[in-house]
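J.: In this note's numbering, the protein residues as written are 107 to 306. Submitted below is the structure of interest, expressed as structure tokens.
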Ligand SMILES: C[S@@+](CC[C@H](N)C(=O)[O-])C[C@H]1O[C@@H](n2cnc3c(N)ncnc32)[C@H](O)[C@@H]1O
């Protein structure tokens, strides 16, 4: 057991160093990279909404894929303190207050991606319940802003509400995938639910 945790930690350290070398502020960028390689959720020239965008790795990665004809809008409780390309806007805001956000972020996004994570307590049931609430807020935001055919990516901590949330993605999209990137720590309960092709 100890060995697995050590392996998991040294892999995390490896990705943290790689992120630093490649000028990304967080190693979470490699999770999105894996999701993108498998599901192509972000297309060139697309409009992308990034929920829980700080410190900004996903913003930088998505900006590169959408290119100068696309646009990435981010929202987080915390400010993003890195310099951002011209096709990125980052707002401070609470995704659970979606009605306040809508006038600021706009709509007709081609992809809504959420890496939001709650403040953790160490109690798995409490953390999973908090994560579920953030996922519901992300899905509500996607419902309000995602164009038909668009994609949804959402991190969730697995717990008792996992199946209910996963099913609520399934009914709103043509296809649903559940994916754990290699980059995630093996002992972490986080996993990504992906909705492909938002139904009209
Ligand atoms: C794992 S970090 C995201 C890392 C980011 N994807 C990156 O690559 O830099 C999770 C983020 O979710 C944000 N978050 C948590 N609850 C939120 C909420 N209610 N509204 C907006 N952001 C939230 C946190 O502030 C934190 O910055």
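C-beta: ideal position from N, C-alpha, C; glycine also.
Give me the residue from 255, 123, 180 and 238 with the minimum Cα distance to residue 273.
T.: Residue 238 is the option with its Cα nearest to residue 273.
J.: For ligand 1, is there a heavy atom less than 6 Å away from the beta-carbon of residue 132?
T.: True, at least one ligand heavy atom lies under 6 Å from that Cβ.
J.: Compute the minimum distance between the beta carbon of residue 202 and the heavy atoms of ligand 1, and state whether it is under 6 Å.
T.: The answer is yes for residue 202.
J.: DSSP three-state call for residue 300: helix, strand or coil?
T.: DSSP places residue 300 in strand when its eight states are reduced to three.
J.: Which residue wins for smallest C-alpha separation from residue 175, given the options 120, 159, 182 and 192?
T.: Among 120, 159, 182 and 192, the Cα nearest to that of residue 175 is on 192.
J.: Smallest Cα separation from residue 283: which of 215, 293, 292 and 260?
T.: Checking every option, the nearest Cα to that of residue 283 belongs to 260.
J.: Could you give the uninterrupted runs of the beta strand (DSSP E) lying entirely in the segment 184 to 213, keeping only those of 3 residues or more?
T.: Runs found: 194 to 198.
J.: Taking just the CA atoms, how far does residue 132 sit from residue 188?
T.: Distance between the alpha carbons of residue 188 and residue 132: 11 Å.
J.: To the nearest angstrom, how far is the alpha carbon of residue 286 from that of residue 266?
T.: So the two alpha carbons sit approximately 18 Å from each other.
J.: On the criterion of 16 or more Cβ atoms from any shown chain inside 10 Å, does residue 263 qualify as buried, or is it exposed?
T.: It is buried - the Cβ of residue 263 has at least 16 other Cβ atoms within 10 Å.
J.: Using C-beta distances below 6 Å, list every residue in its chain close to residue 258, excluding the 5 sequence neighbours before and after it, in chain order.
T.: Closer than 6 Å at the Cβ level, and outside the excluded window around residue 258, lie 218, 248 and 301.
J.: What's the C-alpha gap between residue 160 and residue 146?
T.: Taking the straight line from one Cα to the other gives about 22 Å.
J.: Comparing the CB of residue 177 with every heavy atom of ligand 1, is any distance shorter than 6 Å?
T.: Outside the cutoff, so no.
J.: Can you tell me whether residue 160 sits near ligand 1, meaning its C-beta is under 6 Å from at least one heavy atom of the ligand?
T.: Checking every heavy atom of ligand 1 against the Cβ of residue 160, one is found closer than 6 Å.
J.: On the premise that residue 165 lies in contact with residue 156, defined as a C-beta separation below 8 Å, what is that separation, rounded to the nearest angstrom?
T.: Confirmed, Cβ separation roughly 6 Å.
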